[in-house]
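Residue numbers (the UniProt record's numbering): 1 to 502. Idealized CB from N, CA, C, for every residue including glycine. Since this is a predicted model, take the numbers as computed values, not measurements.
What follows is the structure in structure tokens.
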């Protein structure tokens, strides 16, 4: 806690007195100063916001003799999340005899996942005021095991007999030029570099030539460099990344070179043929990929149709994975096997939206004018307990610039155009056979940028009394075991405490 005595307050009063005479007499000014100080430091808990009490330092940085508190702090560990009203508590759906073992296995797997997905660069850094140190605060990226000059290192200090700067790292080594007579360098080629000189210009010249080299090969990690001068300390990030080779698609000149249509079918050949006929009515040359896990497959012999047969009844997401894995175009259009193309099914309009917004990964349309979409509200929660997830139907964010009929969301309907490589990286979990759609977007949360547009739609074939057999219903309609399995999967795979489908 910071203490200011009445004597210090009296001296502060004399500093403010020339201005204070305009409003207070001497007694009123002293009382006001003491009152403000007592209120500020007695009633306000600065540690709640800063972790450490603030330092009172002169405005001229190099005259400061006050010790600096560390400028790196870890973010506080998240506390338990709050389940939305009506959520399903997932631990209640675990097999009782396996519950504790599942929790322990999940905890171990979660720690492995943290190692893969977290970085030292996510640490919260603070830049303290009045520092004479100059350093890069963002964008300094190096290749692994490659020497790279650290840009913009410098010291801006008043005249001294000698200047000493210390730079240290943890995952690499530091080097600079061999100094002249008026400077000394210690630790070149090590993880702690000390430069000292009586000439500030010479010292800054040596700082300008400091290079960093990582010592361990890693494709995507980071380091934190600490720069010190007297009582001043600064920390800045170093991103260590292996550059990625671009993967580009030759989109050609027509829609068939941009997009492949994909679908999954099971025991619905009549509906599938109607879909294919409608596609050829509007797009006579576009490639269509069909993943088929029917019990007794029927041959499909049509031009530019790829029909992939699967083992029987493998399920919805396994079929999606197979179909998308065979796409060679930049985009694919996902449709259900009982959809039908209409005059409003303009693939070109969805491509236009994607090309105008290269950061987008998925753009959904409407089915029979029904524009289903949703947002996902996720709280990480406490590690061992898990997070809280709420799928909010018809939730959305803001519209896309230049496309008021489109807006951002987290998930869309089964009719969507997607960037092939982005979806292949997320994938469809083949464990989910019958109860699955939103789960793909849950797995892609934070990876896939999703939008929904109302100006492109597709039709849905009408259901008839004889359109679905009892055999189809047996596999298609999920049972209680399927629902229970999905909840258990959410508990373990997604490290969730609770989930709500709204």
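Closest by C-alpha distance to residue 320, out of 101, 304, 330, 337, is 337. Per DSSP, reduced to three states, the secondary structure at residue 204 is helical. According to the DSSP assignment, residue 392 belongs to the beta strand (DSSP E) that extends over 386-393.
Within the stretch 213-280, complete alpha helix (DSSP H) segments of at least 4 residues are found at 255-258, given in chain order. Within the model, the alpha-carbon separation for residue 180 versus residue 199 is close to 11 angstroms.
Inclusion of residue 289 and residue 262 in the CB contact set at 8 angstroms is warranted, their separation being smaller than that value. Between the alpha carbons of residue 147 and residue 210 lies a distance of about 10 angstroms. The stretch 432-440 makes contact with the stretch 473-491; the number of CB pairs closer than 8 angstroms reaches 3 or more. With a cut-off of 8 angstroms on Cβ pairs, the stretch 220-233 is not in contact with the stretch 291-305, counting fewer than three such pairs. Positions of the alpha helix (DSSP H) runs, each at least 4 residues long and wholly inside the stretch 278-331, are given as 316-325 in order along the chain.
Taking C-alpha positions only, residue 391 is separated from residue 499 by approximately 8 angstroms. Setting aside the 5 residues that flank it on each side, residue 431 is surrounded in the same chain by 489, each with a C-beta closer than 7 angstroms to its C-beta; the list follows chain order. Rounded to whole angstroms, the Cβ separation of residue 137 and residue 165 is 17 angstroms, and the two are not in contact under 8 angstroms.
Annotation: residue 409 to residue 227 spans about 43 angstroms, alpha carbon to alpha carbon. A straight line joining the alpha-carbon of residue 208 with that of residue 185 spans about 14 angstroms.
Cβ atoms of residue 495 and residue 386 come within 8 angstroms of each other, at about 5 angstroms.
Residue pairing from DSSP places residue 374 in a beta bridge opposite 393, 411. With respect to residue 286, residue 259 sits close: the two C-beta atoms are nearer than 8 angstroms.
Under the three-pair Cβ rule at 8 angstroms, the stretch 354-372 does not count as touching the stretch 266-283. Here the C-alpha atom of residue 501 lies approximately 8 angstroms from the C-alpha atom of residue 393.
Non-local C-beta neighbours of residue 87 in its own chain, meaning closer than 8 angstroms and more than five positions away in sequence, comprise 388, 390, 498, 499, 500, ordered along the chain.
Taking a C-beta distance under 8 angstroms as the contact criterion, residue 377 and residue 415 do not qualify as a contact pair.
In the structure shown, the three-state DSSP call for residue 141 is strand. The three-state secondary structure of residue 472, taken from DSSP, is helix. Using a C-beta cut-off of 8 angstroms, the stretch 362-380 makes contact with the stretch 443-456, since at least three inter-stretch Cβ pairs fall below that distance.
With a beta-carbon spacing of about 6 angstroms, residue 395 and residue 374 fall inside the 8 angstroms limit used to define contacts.
In the DSSP assignment, residue 419 falls outside any alpha helix (DSSP H) and within the unbroken beta strand (DSSP E) covering 416-419. Contact between residue 253 and residue 206 fails: their C-beta atoms lie close to 57 angstroms from each other, not under 8 angstroms. In the DSSP annotation of this structure, the continuous segment of the alpha helix (DSSP H) that includes residue 100 starts and ends at 99-117. Taking 8 angstroms as the cut-off, the Cβ atoms of residue 446 and residue 81 do not count as close.
Using a Cβ distance threshold of 8 angstroms, residue 168 and residue 191 count as a contacting pair.
Of the residues 331, 339, 323, 318, the one whose Cα lies closest to the Cα of residue 360 is 331.
Between residue 135 and residue 153, the gap from beta carbon to beta carbon is short of 8 angstroms.
For residue 353, the enclosing alpha helix (DSSP H) has its first and last residue at 347-356. In its chain, beyond the 5 residues on either side, 261, 262, 263, 275, 414, 415, 458 have a beta carbon closer than 8 angstroms to the beta carbon of residue 335.
For residue 173, the pairing in a beta bridge is given by DSSP as 213.
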